[in-house]
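Numbering (my numbering), first residue to last: 1 to 287. We put the beta carbon where it would ideally sit given N, CA and C, even for glycine. Data first, discussion second: the structure below is written as C-alpha cells.
Following this line, the structure appears as C-alpha cells:
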C-alpha cells in the first residue's frame, strides 16, 4: 500500500511539472533503473517550428521529473525510478503495439500519458489488467469520467467543464445563437455534440456547424460565405492548438477576423505563430 501511495505521488508530481510552458533541448543522462515509468507523448509535426512544441515540452519535463525523483531519494519498491518512452502519431493501434513491446521488455510500473482521449481509453484498461496506474496529462473526453477501476487518473478537466463555462458565458450576456467549428476527430466531434446538446437544452440556437477536415487541412464547405451569411456572429472553435492556428490564418485571409465576429476558443494558442499584421486583427477573441 505504501508503495502504491508513493507511486501515485510521483505520477502526480510529474503531471504537475508537465504543466510547465517552456524547457530547453539538452542531452539527457541515461538512467539504468530497473523500475520504470513509461511516458507516452505525441509526435511533433515540425521539429524546426515552434508549432506543437508542447509535446516536446511534456516529454522533457517528464524526463526532468524522473531525474529529480532520484535526487530527492524517491523510491518505488526500494528502487529508484527510471523512464522509458514512446512517441505516438494519434494511432491507437500503433500506440498499443509500442506499449506492449515496452511492457514485455521492461519493468513498467505506471503510464504517464497518453495525450489523446482515444488512446487513453484503451491504455487505461491495459493498465488495469497489468495492475498499474495510468495518468493522462491532456485527455479531456467526458467518457473517460466513467472509468472507475482505480487505474486511470487525469489532471485536466473534462470537456464537460468547458461546455459549462461557455454556457455560463452565453447566459451572462444573454446570447441566443452561435456557429460551431470543430475538427473531425474524437476530440472535436465529442465536444461539438456535447456543446450542441447543451445549447439545445438552454434554447440557444446553433446556426451553423462547420467541420474542419484535419487530413485535407481545410473546410468541406465555403468557409467565408457560410460565416458571412450566417445570422450569428459568435464563432466557437472546438479544435486543438494546431488546428486553431490554421483556422485563424484562413480567417485572416478571408477577412473574417476583427470586430465583425466574436471568436471563442476551447484551447490556448501562442501569438508567436502570427505576424504583426495578423496580431492586430486578433480582436474579439475569448479563450
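- Leaving aside the five residues that flank residue 149 on each side, the residues in its chain whose CB is nearer than 7 Å to its CB run, in chain order, 128.
- Looking at the DSSP output, residue 153 sits in a beta bridge with 135.
- Residue 119 counts as buried, since at least 16 other C-beta atoms from the protein chains shown sit within 10 angstroms of its C-beta.
- Around the Cβ of residue 210, a 10 Å sphere holds 16 or more other Cβ atoms; the residue is buried.
- In this structure, residue 94 lies away from residue 126, with their beta-carbon atoms at least 9 Å apart.
- About 7 Å separates the Cβ atoms of residue 236 and residue 181, confirming a contact at the 8 Å cut-off.
- From the listed residues 37, 109, 276, 115, the smallest Cα separation to residue 240 is found for 115.
- Judged by DSSP in its simplified three-state form, residue 201 adopts helix.
- When the five nearest sequence neighbours on each side are left out, the beta carbons in the same chain lying within less than 7 Å of the beta carbon of residue 206 are those of 178, 180, 196, 199, in order along the chain.
- For residue 183, the enclosing beta strand (DSSP E) stretches over residues 177 to 183.
- A residue is called buried when at least 16 other Cβ atoms come within 10 angstroms of its Cβ; residue 159 meets this threshold and is buried.
- With respect to residue 68, residue 39 sits apart: the two C-beta atoms are not nearer than 9 Å.
- By the neighbour-count criterion, in which 16 or more other beta carbons inside 10 Å mark a residue as buried, residue 242 falls on the buried side.
- In this structure, the alpha-carbon of residue 203 lies about 36 Å from that of residue 122.
- Within a 10 Å sphere around the beta-carbon of residue 112 sit 16 or more other beta-carbons, which makes this residue buried.
- Straight across, the Cα-Cα distance linking residue 187 with residue 74 is about 36 Å.
- Per DSSP, residue 264 lies in no alpha helix (DSSP H) segment; the continuous beta strand (DSSP E) that holds it begins and ends at 262 to 265.
- In this structure, residue 108 sits away from residue 41, with a CB-CB distance that is not shorter than 9 Å.
- Shown here, residue 196 sits in a helix according to DSSP, grouped into three states.
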